[in-house]
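Here is the structure we will look at.
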Amino acid sequence: MNKIDQLFRQKKNILNIYLTAGFPQRDDTVPVVLELEKAGVDMVEIGLPFSDPLADGPVIQHSSTAAIQNGITLQKIFQQVREIRKQSEIPILLMGYLNQMMAYGEEAFLEEAARSGADGLIIPDLPADFYNRHYRQKAESLGLKMVFLISPQTGEARIRIVDEACSGFLYVVSSASVTGNKAAMQTEQQAYFRRIRNMQLKNPTLIGFGIHDRHTFETACQYAHGAIIGSAFIRTLEKPGSLQQNIQEFIKTIRS
Amino acid sequence: MNYNPDEQGFYGEFGGAFVPEMLYPNVEELQQNYLKIINSDSFQTAFKQLLKDYAGRPTPLYFASRLSKKYNTRIFLKREDLTHTGAHKINNTIGQILVAQHLGKKSIIAETGAGQHGVATATVAALAGLPCIVYMGETDMERQAPNVARMRMLGAEVRPARSGSRTLKDATNEAIRHWINHPETYYLIGSVVGPHPYPDMVARFQSVISEEMKKQLSEKTDCDHPDKIIACVGGGSNAAGAFYHYLDNEKVELIAVEAEGLGVDSGETAATTQTGSEGIIHGSRTLLMQNAEGQITEPYSISAGLDYPGIGPLHAFLFKNRRGTFMGATDREALDAAFELTRLEGIIPALESAHALAALKKIRLKPDETVVVNLSGRGDKDMETYLKYLNKDQ
Numbered sequence: 019m020n021k022i023d024q025l026f027r028q029k030k031n032i033l034n035i036y037l038t039a040g041f042p043q044r045d046d047t048v049p050v051v052l053e054l055e056k057a058g059v060d061m062v063e064i065g066l067p068f069s070d071p072l073a074d075g076p077v078i079q080h081s082s083t084a085a086i087q088n089g090i091t092l093q094k095i096f097q098q099v100r101e102i103r104k105q106s107e108i109p110i111l112l113m114g115y116l117n118q119m120m121a122y123g124e125e126a127f128l129e130e131a132a133r134s135g136a137d138g139l140i141i142p143d144l145p146a147d148f149y150n151r152h153y154r155q156k157a158e159s160l161g162l163k164m165v166f167l168i169s170p171q172t173g174e175a176r177i178r179i180v181d182e183a184c185s186g187f188l189y190v191v192s193s194a195s196v197t198g199n200k201a202a203m204q205t206e207q208q209a210y211f212r213r214i215r216n217m218q219l220k221n222p223t224l225i226g227f228g229i230h231d232r233h234t235f236e237t238a239c240q241y242a243h244g245a246i247i248g249s250a251f252i253r254t255l256e257k258p259g260s261l262q263q264n265i266q267e268f269i270k271t272i273r274s
Numbered sequence: 063m064n065y066n067p068d069e070q071g072f073y074g075e076f077g078g079a080f081v082p083e084m085l086y087p088n089v090e091e092l093q094q095n096y097l098k099i100i101n102s103d104s105f106q107t108a109f110k111q112l113l114k115d116y117a118g119r120p121t122p123l124y125f126a127s128r129l130s131k132k133y134n135t136r137i138f139l140k141r142e143d144l145t146h147t148g149a150h151k152i153n154n155t156i157g158q159i160l161v162a163q164h165l166g167k168k169s170i171i172a173e174t175g176a177g178q179h180g181v182a183t184a185t186v187a188a189l190a191g192l193p194c195i196v197y198m199g200e201t202d203m204e205r206q207a208p209n210v211a212r213m214r215m216l217g218a219e220v221r222p223a224r225s226g227s228r229t230l231k232d233a234t235n236e237a238i239r240h241w242i243n244h245p246e247t248y249y250l251i252g253s254v255v256g257p258h259p260y261p262d263m264v265a266r267f268q269s270v271i272s273e274e275m276k277k278q279l280s281e282k283t284d285c286d287h288p289d290k291i292i293a294c295v296g297g298g299s300n301a302a303g304a305f306y307h308y309l310d311n312e313k314v315e316l317i318a319v320e321a322e323g324l325g326v327d328s329g330e331t332a333a334t335t336q337t338g339s340e341g342i343i344h345g346s347r348t349l350l351m352q353n354a355e356g357q358i359t360e361p362y363s364i365s366a367g368l369d370y371p372g373i374g375p376l377h378a379f380l381f382k383n384r385r386g387t388f389m390g391a392t393d394r395e396a397l398d399a400a401f402e403l404t405r406l407e408g409i410i411p412a413l414e415s416a417h418a419l420a421a422l423k424k425i426r427l428k429p430d431e432t433v434v435v436n437l438s439g440r441g442d443k444d445m446e447t448y449l450k451y452l453n454k455d456q
């Protein structure tokens, strides 16, 4: 069984941490993921640094720019995922943009992602219907989960379409924002989370964007199967001091 | 051949709407309404009235006799430089501000490179009484200071884009991010780029250029079409407008001129068709400049309006199907062409348009041919650059 499906069967209140591959240093991807696992994180989302990340805010964009300058490449990231797989069974998602996938060759990209040991993909600018037409068969035959996003503006009919194309889990974007916006968990957002919970969707859900501390994480867990933290973790990686210690301390502030 | 996009906004394999889900509702709202709105009588009446009384259309089709003599052919200039705000950009912004009003939008955002689209957007936002934010690369803000001042005087807030090369590409990224954070705003895109329906909608608004050209040519010559139309291409909106009513007429050669910057092989260029490959930029599948990893390359041109690393999907389609002739002009060639036009005809062109003029030296022209160069804008905003080179040359 795919590691993501297995995780959702076994656990509640899932903590998924986003990291940018090749950041803060090119070869930090493997140690950061292993440290996250040690700290009790359930799943990781490894960002493929892109020059023009439309869905991301300044914090993740900055980390991507730095990682590209560090010399990270898709080939190196696949190697890093292979390295993680030798030492860990943690579910791994790769998050990148469609242009990177096209430049690599779509089929080759999907094959290499699966071969390296990744369990699923998030491509925020890949529309669900385009995925169904062009890549779904291939991704499913490789056993890759494809995670799609919905936002507070997504209408009910559209949510059903996205949920149908989606596998692994549905990524519930907390508010109308790019990543790193802290205005999550207002009353109206909670009404939206409740609405999604009551829709009886095919996929489990994780809430992301704006989750940055214990309070926002726990609130998200009330409405979904867990949450994703990105920008707040990237900021942690930039703090002075030991990477290991900073990661352990950060995760402790989210859940202990 | 069909040059209209299909329902999903594809010109062949190019186009579409590849946007994060957070933008899907905005884009879908526009997709479902734009044709209905712009085909309505009330829209058409208001649009035509504003084009005529506010923008100053029709713009003249000027027979450039001294330029014609020099190149031993018959050259007309379509004078988009004579519109209100000084460039073709006003055609599109008038159209889109009316669409925004029809959709009940209360604020406007835009991106700009040279500032011409920013000024045109700030102008129509003032006209409509809507607040307006324009994103502009920090580098462009420095080299196009007069346009920044104009936008501010018109009441727009100009926000610097500080990522990447701090030019048009980055301003576009920032505008799209702002749109994600404020889905209630109307994003007024300045060229035939972006997710469907923008490329088609902007081309339709700019098609007034070739519509007038047809009529004016039949008045001035014995034929309603030229043998060649030359236009510069960054994103490609003035070219799309100049080509639009001739796309199906194979007798007309459509010549698109990109900015080669310091040279195609110099690494300092914006010549997308010569150095680019297929990919996704700003929500549409098209040709763009990128490395093997799919990282989008920083473009360069002396002209802030042309240093964009992609072209619109219609142009990618024209390029791939060889309906369009794509070529380039370097910074130097554009400057020489600008000085030549100024001295021969007393018209100072925008640096963008100067790239189109530079093509006259590079193509084979016959004495009995009719050539239209789309003079997309005037050169006031580029005076500082021109003076720098003028002083250097003398």
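Line by line, the protein sequences are chains A and B. My numbering puts the first residue of the first sequence at 19, with every later residue one more than the last. My numbering puts the first residue of the second sequence at 63, with every later residue one more than the last. For every residue, glycine included, the Cβ atom is placed at its ideal position computed from N, Cα and C.
Report task. Mind checking which residues open and close the alpha helix (DSSP H) that includes Glu273 of chain B? Result -> The count along the second sequence starts at 1 and reaches residue 273 of chain B at position 211. Start and end: 270-282.
Query raised in the report: Looking only at its own chain, which residues have a Cβ that is under 6 Å from the Cβ of Ala304 of chain B, when we skip the five neighbours before and after it?
Result: Numbered from its first residue, the second sequence carries residue 304 of chain B at position 242. Closer than 6 Å at Cβ, skipping near neighbours: Ile271, Ser272, Ile291, Ala293, Asn436.
Query raised in the report: Any Cβ of chain A within less than 8 Å of the Cβ of Val433 of chain B?
Result: In the second sequence, counting from the first residue as 1, residue 433 of chain B sits at position 371. Not a single C-beta of chain A is nearer than 8 Å to the C-beta of Val433 of chain B.
Query raised in the report: In chain B, which residues lie less than 7 Å from Thr91 of chain A when you measure between Cβ atoms?
Result: In the first sequence, the residue the question calls residue 91 of chain A occupies position 73. Ordered by position in chain B, the residues that pass the 7 Å Cβ test against Thr91 of chain A are Glu355.
Query raised in the report: Under 8 Å between the Cβ atoms of Leu92 of chain A and Leu128 of chain A?
Result: Along the first sequence, one-based indexing puts residue 92 of chain A at 74. Along the first sequence, one-based indexing puts residue 128 of chain A at 110. In this structure, the beta-carbon distance from Leu92 of chain A to Leu128 of chain A does not fall below 8 Å.
Report task. Answer with buried or exposed for Thr271 of chain A, where buried requires no fewer than 16 other C-beta atoms within 10 angstroms of its C-beta. Result -> Walking along the first sequence from the start, residue 271 of chain A turns up at place 253. Thr271 of chain A comes out exposed.
Query raised in the report: Is Glu322 of chain B helix, strand or coil when you go by DSSP?
Result: Within the second sequence, residue 322 of chain B is the residue found at index 260, counting from 1. Strand at Glu322 of chain B.
Query - Where Ala302 of chain B sits in the DSSP three-state scheme - result: If you number the second sequence from 1, residue 302 of chain B lands on position 240. When secondary structure is reduced to three states using DSSP, Ala302 of chain B falls in the helix class.
Requested in this report: Check whether the Cβ of Arg214 of chain B lies closer than 8 Å to any Cβ atom in chain A.
Outcome: Against the second sequence, residue 214 of chain B aligns to sequence position 152. No, Arg214 of chain B does not count as interfacial toward chain A.
Query raised in the report: Comparing alpha-carbon positions, which option in B:Val433, B:Tyr451, B:Lys443, B:Lys450 lies nearest Asp202 of chain B?
Result: For the purposes of this step, residue 202 of chain B is taken as residue 140 along the second sequence, with counting starting at 1. Among B:Val433, B:Tyr451, B:Lys443, B:Lys450, the Cα nearest to that of Asp202 of chain B belongs to B:Lys443.
Query raised in the report: Are there 16 or more other CB atoms within 10 angstroms of the CB of Leu97 of chain B, so buried, or fewer, so exposed?
Result: The residue given as residue 97 of chain B occupies position 35 in the second sequence. With fewer than 16 other Cβ atoms within 10 Å, it is exposed.
Query raised in the report: Which residues in the same chain as Glu395 of chain B place their Cβ atom closer than 6 Å to its Cβ, once the five residues preceding and following it in sequence are excluded?
Result: In the second sequence, counting from the first residue as 1, residue 395 of chain B sits at position 333. For Glu395 of chain B, where only same-chain residues beyond five positions count, the Cβ hits under 6 Å are Ala420.
Query - Counted within 10 angstroms of its Cβ, other Cβ atoms place Glu83 of chain B as buried (16 or more) or exposed - result: Locating residue 83 of chain B in the second sequence gives position 21, counting from the first residue. By the neighbour-count criterion, in which a residue is buried when 16 or more other Cβ atoms sit within 10 angstroms of its Cβ, Glu83 of chain B is buried.
Query raised in the report: Glu124 of chain A to Leu116 of chain A, Cα distance in whole Å?
Result: The residue given as residue 124 of chain A occupies position 106 in the first sequence. The residue given as residue 116 of chain A occupies position 98 in the first sequence. Looking at the two C-alpha atoms, the distance is approximately 9 Å.
Report task. Could you pull the start and end residues of the alpha helix (DSSP H) that Arg133 of chain A belongs to? Result -> Reading the first sequence from its first residue, position 115 is the one you call residue 133 of chain A. From DSSP, the alpha helix (DSSP H) with Arg133 of chain A extends over 124-134.
**Report entry** C-alpha distance - Ser139 of chain A paired with Phe187 of chain A, whole-angstrom precision
**Finding:** Here residue 139 of chain A refers to the residue found at position 121 when the first sequence is read from its first residue. Here residue 187 of chain A refers to the residue found at position 169 when the first sequence is read from its first residue. For clarity, residue 139 of chain A is Leu in the given sequence; the question names Ser instead. Cα-Cα distance, rounded: 11 Å.
Query raised in the report: If we count Cβ pairs, one from each stretch, closer than 8 Å, do we get three or more for the region 422-436 of chain B versus the region 154-171 of chain B?
Result: Touching, no.
Report task. Taking 8 Å as the cut-off, decide whether the C-beta atoms of His146 of chain B and Tyr116 of chain B are in contact. Result -> The residue you call residue 146 of chain B lines up with position 84 of the second sequence. The residue you call residue 116 of chain B lines up with position 54 of the second sequence. Taking 8 Å as the cut-off, the beta carbon of His146 of chain B is found closer than this to the beta carbon of Tyr116 of chain B.
Report task. Tell me, please, whether the CB atom of Glu402 of chain B is closer than 8 Å to any CB atom in chain A? Result -> Here residue 402 of chain B refers to the residue found at position 340 when the second sequence is read from its first residue. For Glu402 of chain B, the closest Cβ of chain A is not nearer than 8 Å.
Requested in this report: My understanding is that Ser363 of chain B touches Ala321 of chain B, with C-beta atoms under 8 Å, so please give their C-beta distance in whole angstroms.
Outcome: Numbered from 1 along the second sequence, position 301 holds the residue referred to as residue 363 of chain B. Numbered from 1 along the second sequence, position 259 holds the residue referred to as residue 321 of chain B. Their Cβ separation, rounded to whole angstroms, is 3 Å, which keeps Ser363 of chain B and Ala321 of chain B in contact under 8 Å.
Requested in this report: Give the single residue among A:Gln171, A:Phe41, A:Val48 whose Cα lies nearest to the Cα of Phe68 of chain A.
Outcome: By one-based count along the first sequence, residue 68 of chain A stands at place 50. Among A:Gln171, A:Phe41, A:Val48, the Cα nearest to that of Phe68 of chain A is on A:Phe41.
Query raised in the report: Does the beta-carbon of Asn64 of chain B have 16 or more other beta-carbons within 10 angstroms, so that it is buried, or is it exposed?
Result: Here residue 64 of chain B refers to the residue found at position 2 of the second sequence. Result: exposed.
Query raised in the report: Under 7 Å Cβ-Cβ, which residues of chain B neighbour Ser17 of chain A?
Result: Chain A is shown only over 19 to 274; residue 17 of chain A falls outside these bounds and no answer can be derived.
Query raised in the report: Just to confirm, are Asn88 of chain B and Pro245 of chain B a CB contact at a threshold of 8 Å?
Result: Within the second sequence, the letter at position 26 stands for residue 88 of chain B. Within the second sequence, the letter at position 183 stands for residue 245 of chain B. A contact, by the Cβ cut-off of 8 Å.
Query raised in the report: Does DSSP put Tyr197 of chain B in a helix, in a strand, or in coil?
Result: Stepping through the second sequence from its first residue, residue 197 of chain B is reached at position 135. If DSSP states are grouped into helix, strand and coil, Tyr197 of chain B belongs with the strands.
Query raised in the report: Cβ atoms of Leu33 of chain A and Val59 of chain A: under 8 Å apart, would you say?
Result: On the first sequence, residue 59 of chain A is found 41 positions in, with the first residue counted as 1. On the first sequence, residue 33 of chain A is found 15 positions in, with the first residue counted as 1. Yes, the pair counts as a contact, with Cβ atoms nearer than the cut-off.
Requested in this report: Check the Cβ of Gln352 of chain B against every Cβ in chain A and list those closer than 8 Å, keeping chain order.
Outcome: The residue labelled residue 352 of chain B in the question sits at position 290 within the second sequence. Listed along chain A, the residues sitting closer than 8 Å to Gln352 of chain B by beta-carbon distance are Asn117, Ala121.
Report task. Express the C-alpha separation of Gly386 of chain B and Arg141 of chain B in angstroms, rounding to a whole number. Result -> Along the second sequence, read from residue 1 onward, the residue named residue 141 of chain B stands at position 79. Along the second sequence, read from residue 1 onward, the residue named residue 386 of chain B stands at position 324. Linking Arg141 of chain B to Gly386 of chain B through their CA atoms gives a straight-line distance of about 22 Å.
Query - Under 8 Å (Cβ pairs) to chain A, residues found in the region 232-246 of chain B - result: Listed by position, the residues of the region 232-246 of chain B near chain A (Cβ gap below 8 Å) are Asn235, Ile238, Arg239, Ile242, Asn243, His244, Pro245.
Query raised in the report: Thinking C-alpha only, which one of B:Thr155, B:His240, B:Arg205 is nearest Arg228 of chain B?
Result: Taking the second sequence and counting its residues from 1, the one referred to as residue 228 of chain B is at position 166. Ranking B:Thr155, B:His240, B:Arg205 by Cα distance to Arg228 of chain B puts B:Arg205 first.
Query raised in the report: Which whole runs of the beta strand (DSSP E) in the region 129-216 of chain A are 3 residues long or more, in chain order?
Result: Fully enclosed beta strand (DSSP E) runs of 3 or longer: 138-140, 163-165, 188-191.
Query raised in the report: Listed in chain order, which residues of the region 185-206 of chain A have Cβ atoms closer than 8 Å to some Cβ of chain B?
Result: For the region 185-206 of chain A, the beta-carbon criterion of a distance under 8 Å to any beta-carbon of chain B is satisfied by Val191, Ala194, Ser195, Val196, Asn199.
Query - Straight-line gap, Met215 of chain B to Ala146 of chain A (C-alpha atoms, nearest Å) - result: Translated into positions along the second sequence, residue 215 of chain B becomes position 153. Translated into positions along the first sequence, residue 146 of chain A becomes position 128. Approximately 44 Å between the Cα atoms of the pair.
Query raised in the report: Among B:Asn383, B:His417, B:Gln70, B:Arg128, which has the Cα closest to the Cα of Ala399 of chain B?
Result: Taking the first residue of the second sequence as 1, we reach residue 399 of chain B at position 337. Comparing Cα-Cα distances from Ala399 of chain B to each of B:Asn383, B:His417, B:Gln70, B:Arg128, the minimum goes to B:His417.
Requested in this report: Work out the CA separation of Met445 of chain B and Glu63 of chain A for me, nearest whole Å.
Outcome: The residue labelled residue 63 of chain A in the question sits at position 45 within the first sequence. The residue labelled residue 445 of chain B in the question sits at position 383 within the second sequence. Cα to Cα, the separation comes out at about 50 Å.
**Report entry** Candidates B:Ser346, B:Gly345, B:Met351, of which the one nearest Thr337 of chain B by Cα
**Finding:** Mapped onto the second sequence, residue 337 of chain B falls at position 275. It is B:Met351 whose Cα lies nearest to the Cα of Thr337 of chain B.
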